[in-house]
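Please read the structure below before turning to the comments.
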Amino acid sequence: MPSVNWEKLFHELDIPIVYAREVLDKYRMMSASQEPGVDLYVQCKRKAMGQALKQLAGRADSDVVFVSVGDSHVEAEAATDLVWCRDQGIHHRIIKLQDEPTIEDLTRQLQELQELLPVVCGVEGDTRFEPPAGKRMVMP
Numbered sequence: 029m030p031s032v033n034w035e036k037l038f039h040e041l042d043i044p045i046v047y048a049r050e051v052l053d054k055y056r057m058m059s060a061s062q063e064p065g066v067d068l069y070v071q072c073k074r075k076a077m078g079q080a081l082k083q084l085a086g087r088a089d090s091d092v093v094f095v096s097v098g099d100s101h102v103e104a105e106a107a108t109d110l111v112w113c114r115d116q117g118i119h120h121r122i123i124k125l126q127d128e129p130t131i132e133d134l135t136r137q138l139q140e141l142q143e144l145l146p147v148v149c150g151v152e153g154d155t156r157f158e159p160p161a162g163k164r165m166v167m168p
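The opening residue of the sequence shown carries number 29 in the working numbering; numbering runs sequentially from there.
Structure (structure tokens):
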């Protein structure tokens with residue numbers, strides 16, 4: 029939807045925007061890039077998600093259900109790391125969409141997700157949901 033001003037809409041809905049590339053200082057970026065087994069992109073994404081979650085969860089009166097929807101393994105790993113490192117009654121639902129989908133595939137996945145999201149949010153416990161490529165989204 030090219031005509032939508034997303035930044036304005038997010039502001040009106042009080043949804044924070046945090047850019048992953050802007051959250052790590054040079055020292056942490058250098059440290060992470062030199063540490064074996066540490067993915068710098070995951071660290072940046074996790075830090076950005078953490079900042080947004082802090083802003084949103086700070087307003088919550090009860091447990092928080094954190095839902096991450098994306099087509100990137102980096103995003104899914106960052107979301108999982110973020111929630112596991114916190115001890116604050118945060119429950120997570122990681123929904124990993126197909127890697128590099130076509131517009132048609134992404135449209136289909138998002139339409140299916142729209143129907144499924146209320147069910148996913150109501151599931152007890154933490155969940156990672158990754159439907160097989162090309163398959164219809166259904167609850168596991």
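The beta carbon of each residue, even a glycine, is placed where N, CA and C say it ideally should be.
Owing to the predicted nature of the structure, the values given are computational and were not obtained by experimental measurement.
How long is the line joining the alpha carbons of GLU103 and VAL70, rounded to whole angstroms?
Cα atoms of GLU103 and VAL70: separation of roughly 7 Å, rounded to the nearest angstrom.
Is it buried or exposed for ARG74, if we count other Cβ within 10 angstroms and need 16 for buried?
ARG74 is classed as buried because its beta carbon has at least 16 other beta carbons within 10 Å across all chains shown.
Tell me the DSSP secondary structure of ILE43 in three-state form.
Coil, per DSSP.
Please determine, among GLN79, ASP91, LYS124, the residue with the shortest C-alpha to C-alpha distance to SER100.
Answer by Cα proximity: LYS124.
Count Cβ pairs between the segment 149-158 and the segment 107-121 that sit closer than 8 Å; are there 3 or more?
Because the criterion of three Cβ pairs below 8 Å is met, the segment 149-158 and the segment 107-121 touch.
Residues near LYS36 by beta carbon distance below 7 Å, same chain, minus five either side:
Close CB contacts of LYS36 within its chain, under the 7 Å cut and outside five residues either way in sequence, are absent.
Here's the rule I'm using: 16 or more other beta-carbon atoms within 10 Å means buried, otherwise exposed. How should PHE38 be labelled?
Under this definition PHE38 is an exposed residue.
Could you pull the start and end residues of the alpha helix (DSSP H) that THR177 belongs to?
In the structure as shown, the chain starts at 29 and stops at 168, and residue 177 therefore has no counterpart that could be examined.
Ignore the nearest five residues each way along the sequence and tell me which others in ALA48's own chain have a CB closer than 6 Å to its CB.
The answer, listed in chain order, is CYS72, LYS73, ALA76.
Evaluate SER61 with the Cβ neighbour count: other Cβ atoms within 10 Å of its Cβ, from every protein chain shown; 16 or more gives buried, anything less gives exposed.
Looking at its Cβ environment, which holds fewer than 16 other Cβ atoms inside 10 Å, SER61 is exposed.
Limits of the beta strand (DSSP E) - the one that GLY78 falls within
Premise fails: GLY78 lies in the alpha helix (DSSP H), 68-85, not in any beta strand (DSSP E).
Closest residue to PHE157 among VAL97, LEU138, LEU84, VAL46 (Cα-Cα distance)
Nearest option by C-alpha distance: VAL97.
Using DSSP with H/G/I as helix, E/B as strand and the rest coil, what is VAL51?
In this structure, VAL51 counts as coil in the three-state DSSP scheme.
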